[in-house]
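Reviewing the structure listed below.
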Amino acid sequence: MRLYRKGLRKRTFLKDACHFISMNIHSLEDDHFSNCFASIPRHAMDNSGIFYIFSIIIRYLILFPIRLIFFTAGLIMLIHIFLWISLRDNYDLVDDFLMMGFRLFYMSLGINANHHGYKRKMEEKHVYVSNHTSFLDFIILSGYKFPHSSLAQTHTGAFGFFFNFFLKRNGSISFDRSKKEDKATIKDRIKQLVSISKSPLLIFPEGVCVNNKYSVLFQRGAFDLGVKVVPVALNYHKKILDPYWNRRENGFMGHFFYLMSRWRLDVDVHWMEPEEIHEDETAIEFAFRVKKDISSIISLENVLWNGYLKGRTLLDEREILKQAFRYTYMRYIIVTTELRKMYLLAKDAPFPEDPKLFRKNRGKVYFDKFDSYNYLHLSLKTYYDIKCGYLTDPMYVESMILKGERCMCRKPNTLKYDDLLNNKCNKYCPKKLEYKKLN
Numbered sequence: 001m002r003l004y005r006k007g008l009r010k011r012t013f014l015k016d017a018c019h020f021i022s023m024n025i026h027s028l029e030d031d032h033f034s035n036c037f038a039s040i041p042r043h044a045m046d047n048s049g050i051f052y053i054f055s056i057i058i059r060y061l062i063l064f065p066i067r068l069i070f071f072t073a074g075l076i077m078l079i080h081i082f083l084w085i086s087l088r089d090n091y092d093l094v095d096d097f098l099m100m101g102f103r104l105f106y107m108s109l110g111i112n113a114n115h116h117g118y119k120r121k122m123e124e125k126h127v128y129v130s131n132h133t134s135f136l137d138f139i140i141l142s143g144y145k146f147p148h149s150s151l152a153q154t155h156t157g158a159f160g161f162f163f164n165f166f167l168k169r170n171g172s173i174s175f176d177r178s179k180k181e182d183k184a185t186i187k188d189r190i191k192q193l194v195s196i197s198k199s200p201l202l203i204f205p206e207g208v209c210v211n212n213k214y215s216v217l218f219q220r221g222a223f224d225l226g227v228k229v230v231p232v233a234l235n236y237h238k239k240i241l242d243p244y245w246n247r248r249e250n251g252f253m254g255h256f257f258y259l260m261s262r263w264r265l266d267v268d269v270h271w272m273e274p275e276e277i278h279e280d281e282t283a284i285e286f287a288f289r290v291k292k293d294i295s296s297i298i299s300l301e302n303v304l305w306n307g308y309l310k311g312r313t314l315l316d317e318r319e320i321l322k323q324a325f326r327y328t329y330m331r332y333i334i335v336t337t338e339l340r341k342m343y344l345l346a347k348d349a350p351f352p353e354d355p356k357l358f359r360k361n362r363g364k365v366y367f368d369k370f371d372s373y374n375y376l377h378l379s380l381k382t383y384y385d386i387k388c389g390y391l392t393d394p395m396y397v398e399s400m401i402l403k404g405e406r407c408m409c410r411k412p413n414t415l416k417y418d419d420l421l422n423n424k425c426n427k428y429c430p431k432k433l434e435y436k437k438l439n
């Protein structure tokens with residue numbers, strides 16, 4: 001079947017189908033999503049021959065036992081202090097106790113944090129947000145000047161014990177993403193915690209640990225509270241260790257012992273200026289702007305993948321993603337220029353264009369327009385458009401395009417871009433195929 005659009009008559013659906021197959025094979029070879037959660041191979045770190053063998057002997061037979069004994073003794077002492085503090089309702093004592101605990105982790109793991117910028121505790125309501133690599137992120141940030149409360153997924157085991165037994169005392173919140181009742185109340189609980197303003201709240205908007213080479217999608221919850229946001233960027237030195245906590249391969253204690261058996265852990269912490277949402281900006285755009293700033297300052301690759309796709313099988317999310325790939329093909333490859341403008345209202349688009357988009361000479365060109373990276377980027381933007389309600393009735397759009405309907409308001413070739421922006425297009429079209437602004 002030949003494409004009927006003007007200027008595209010030499011292309012066929014069979015040719016495009018072959019392009020899709022080729023693109024899928026390319027994705028298997030270069031998995032952009034899995035790259036965000038890939039651990040550093042051992043050969044990529046500093047393994048300097050015979051000296052590396054001696055370092056193994058020293059680290060595992062001398063350094064690790066000393067650190068483990070020191071940490072165990074310190075933990076026992078802290079538990080006794082905590083039981084004593086529990087008998088007194090004094091928040092300042094809890095604050096000091098947590099600082100002692102974080103310093104114990106600093107010394108036991110050989111953490112060397114280089115801080116850039118100024119960490120401020122403001123009087124007005126605010127939250128801190130940061131990229132997320134490991135449980136160490138919270139320890140490193142809270143162990144400097146003053147501790148934070150935090151928002152975390154419910155955990156079991158040793159990490160769950162530390163969180164429930166210690167961190168909840170300063171207002172930290174845990175919730176289960178799989179429970180609808182938890183998700184429904186979490187925003188109100190966060191607002192309540194921010195208004196109390198004891199320990200400043202620290203949120204990791206990515207929601208999952210990423211390997212400190214990429215930054216995945218920031219969830220908008222932290223940016224929809226109506227308060228100032230203080231971005232923090234964490235950049236780990238990866239020459240002698242891998243800081244990424246891959247929970248599929250290592251539990252909390254396994255990752256903790258791995259870090260304890262390294263020489264040291266070097267990290268750069270960049271405390272950035274507080275940010276506020278602009279008047280003409282949505283929470284989604286605000287989140288993307290902060291994410292872009294964090295990625296730029298520590299040279300992370302800024303991608304649009306939703307990190308929640310890693311954690312569990314989400315059939316509804318997969319269906320949305322499939323729909324996004326089809327819909328991207330429809331609106332970028334087949335549609336006419338005027339119809340495409342309707343779908344691409346720049347003032348309503350949740351994400352600005354990536355500067356890497358439409359790069360030349362990157363690889364094979366698909367559909368006579370894009371390489372695989374560009375098509376993937378556009379599909380992920382469409383995925384988030386559908387997920388957040390920016391696009392209405394996307395399945396009907398597919399059928400409309402395939403049937404060859406190119407008229408808007410039942411008048412062929414009369415749609416003007418300026419009319420659409422000025423809301424003069426008679427509700428845009430019979431089936432309400434409009435971009436709708438997210439309140």
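Its first residue numbered 1, the sequence shown is counted upward by one per residue in the UniProt record's numbering.
Backbone N, C-alpha and C fix where the C-beta goes; we use that ideal spot for every residue, glycine too.
Model, not experiment: these values are computed from the prediction.
Short Cβ contact (7 Å threshold) for residue i with residue j
i    : j    : result
S134 : R67  : no
A222 : P205 : yes
I58  : L265 : no
C209 : H132 : yes
Y236 : N212 : yes
F33  : W305 : yes
S39  : D242 : yes
R220 : A283 : yes
V194 : K125 : yes
K310 : N302 : no
I203 : L141 : no
G160 : Y308 : no
A324 : Y373 : no
V216 : V129 : no
L136 : G101 : no
I386 : I320 : yes
I190 : F175 : no
F279 : V290 : The sequence shown places Glu at residue 279, not Phe. Cβ distance not < 7 Å, so E279 and V290 don't count as in contact.
When the options are compared against residue i, the one with the closest alpha-carbon
i    : options                   : result
L61  : F166, L217 and R262       : R262
F256 : T72, R42 and D95          : T72
L104 : H126, I76 and N170        : I76
S22  : F370, T382, E301 and K381 : F370
V269 : F37, F82, Y118 and M99    : Y118
I69  : L300, M260, G207 and F175 : M260
Y327 : L304, L376 and S150       : L376
Y144 : D96, F166, F163 and T185  : D96
E273 : V232, K292 and I284       : V232
E173 : V229, T282 and Q153       : As written in the sequence, residue 173 is Ile, which differs from the Glu given in the question. Closest by alpha carbon: Q153.
N114 : V267, E317, Y373 and V290 : V267
F146 : F161, D385, K125 and N170 : N170
I277 : G160, K179, S379 and V127 : V127
S299 : L234, A324 and R289       : L234
Y52  : E275, L217, K198 and I240 : I240
Y166 : G226, D188, K179 and L93  : Checking the sequence, you will find Phe at residue 166 rather than Tyr. Ranking the options by Cα distance to F166, first place goes to L93.
F214 : A287, F286, S295 and T156 : For clarity, residue 214 is Tyr in the given sequence; the question names Phe instead. Comparing Cα-Cα distances from Y214 to each of A287, F286, S295 and T156, the minimum goes to S295.
D188 : R318, D224 and F37        : D224
D16  : L87, Y329, S379 and L378  : Y329
Helix, strand or coil at residue i [DSSP, three-state]
i           : result
F146        : coil
H132        : coil
residue 489 : Because the chain spans 1 through 439 in this model, residue 489 falls outside it and cannot be assessed.
Q323        : helix
S172        : coil
P355        : For P355, the predicted model reports a pLDDT of 42, less than 50, meaning its position is unreliable; a value from the coordinates is still stated below. The answer is coil: DSSP assigns P355 none of H, G, I, E or B.
S299        : coil
L141        : helix
V127        : strand
L304        : coil
P350        : Caution applies to P350, whose pLDDT of 42 falls short of 50 and renders its modelled position unreliable; the value that the coordinates give is listed next. Looking at P350 - three-state DSSP - the assignment turns out to be coil, as it is neither helix nor strand.
E338        : Here E338 scores only 43 on pLDDT, less than 50, and its place in the model should not be relied on; the value that follows carries that caveat. Three-state result, E338: helix.
A17         : helix
First and last residue of the uninterrupted beta strand (DSSP E) at residue i
i    : result
A38  : Run containing A38: none; DSSP gives neither H nor E here.
L202 : L201 to I203
Terminal residues of the alpha helix (DSSP H) in which residue i lies
i    : result
Y384 : S372 to K387
N164 : G157 to F165
Every unbroken alpha helix (DSSP H) inside the stretch 59 to 123 [4 residues or more]: 64 to 86 and 91 to 109
Segments assigned alpha helix (DSSP H), at least 4 residues, entirely inside the stretch 218 to 288: Inside the stretch 218 to 288, DSSP marks whole alpha helix (DSSP H) runs of 4 or more residues at positions 252 to 260, from first to last along the chain.
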